[in-house]
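One structure is given below, encoded as structure tokens.
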Amino acid sequence: MKHIKANRYENFSQTAAELMMNQVEKKPNSTLGLATGSTPKGMYKELIKHSADLSQAVTFNLDEYVGISSDHPQSYRSFMEENLFQHIRVGQTYIPDGEAADLAAECERYEQLIQQHGGIDLQVLGLGHNGHIGFNEPGTPFSSRTHVVDLAETTRKANARFFNSLDEVPKKAITMGIETIMEAKHIILLVYGEDKQEAVNRLLQGEVDEQFPASILHDHPNVTLLSGGVKVLN
Ligand code: GLP
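For what it's worth, this note's numbering labels the leading residue of the sequence shown as 61, then goes sequentially.
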């Protein structure tokens, strides 16, 4: 795992955006895997600032809540529209449909779409406090594909800051599976802020364990960990 350390958030975000822009420069019709959360917001801002050309790129988001409509202000579709898609032209954008009547069929469809587009060239990931990637909570089999998950209470609490109350936070989500994520050709794991200190250091200890989903990234040949604002072990 390659490790790049940044200090300030601006720096961190700029570096992340550069990795993404290098990818689309090399291959304009890249398939990009995108993440939500606070961490990548600055990266999206930088992409907008530099008028990144994603006009031929296809994007697949990692996850989406189940049980809220895509135009709900806290849906990941709304997040992406607000933070990126409204501001620059993107070839095609895919996000799991959390309102699908048949959720299992939706997961299957999402997997097929990724395959049809030749797999993901560059996947951006954030890191949950409990080591989750996408919404793959501790204990998720490393062999999982896109699936419906019950969100951990700790994850719901962490995300409650975006809703009016904890009760409003959905209990389920659709997420790419761990095996789906691991098939990406290059993965960038974004970790910013002191509150991620414990999680990132646990990751850096190197033990691969299903109880800490991000640890599987040690088995991937092309991962870049970009950390910032956090004291790391190495
Ligand atoms: C959410 C998302 C993840 C994200 C994580 C960290 O639960 N589903 O994809 O990486 O939380 O979010 P943040 O960057 O806000 O800490």
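For every residue, glycine included, the Cβ atom is placed at its ideal position computed from N, Cα and C.
Small disclaimer: the values here were computed from a predicted structure and weren't measured.
Nearest C-alpha to Ala-95 among Val-84, Asn-143, Asp-279 and Lys-87: Asn-143.
Excluding residues up to 5 positions away in sequence, Gln-134 lie with their Cβ nearer than 6 Å to the Cβ of Phe-222 in the same chain. Distances from the CA of Lys-87 to each of Lys-62, Lys-109, Asp-113 and Ile-64 were compared; the closest alpha carbon is that of Asp-113.
Closer than 6 Å to some heavy atom of ligand 1: that describes the Cβ of Ala-95. By the beta-carbon neighbour count (other beta carbons within 10 angstroms, threshold 16), Arg-149 is exposed. Shortest gap from the CB of Gly-289 to any heavy atom of ligand 1: 6 Å or more. Using a Cβ-Cβ distance cut-off of 8 Å, the region 180-198 and the region 231-245 are in contact, since at least three pairs of beta carbons, one from each stretch, lie closer than that value.
Membership of Gln-265 in the alpha helix (DSSP H) is indicated by the continuous run 257-265.
In the DSSP assignment, no residue is bridged to Ile-155. Unbroken beta strand (DSSP E) stretches of 3 residues or longer found wholly inside the region 171-251: 182-186, 207-210 and 232-235, given in chain order. For the options Thr-206, Lys-217 and Gln-271, the alpha carbon positioned closest to that of Glu-243 is the one of Thr-206.
DSSP places Asp-279 within a helical segment (H, G or I) once states are collapsed to three. Annotation: Val-84 is outside any beta strand (DSSP E); the continuous alpha helix (DSSP H) that includes it extends over 69-86. Looking from the CA of Gln-271, the closest CA among Glu-85, Asn-82, Ala-212 and Asn-121 belongs to Ala-212.
Two segments are said to touch when three or more pairs of C-beta atoms, one from each, lie closer than 8 Å; by this definition the region 257-266 does not touch the region 223-232. For Phe-120, the enclosing beta strand (DSSP E) stretches over residues 114-121. DSSP, reduced to helix, strand and coil, places Lys-291 outside both helices and strands of the structure shown, so it counts as coil.
Set against 6 Å, the gap from the CB of Asp-162 to the closest heavy atom of ligand 1 is not smaller. Contact annotation, Leu-250 with Gly-186: C-beta distance approximately 6 Å; criterion of less than 8 Å satisfied. In the three-state scheme derived from DSSP, where H, G and I count as helix and E and B as strand, Ile-64 is classed as strand.
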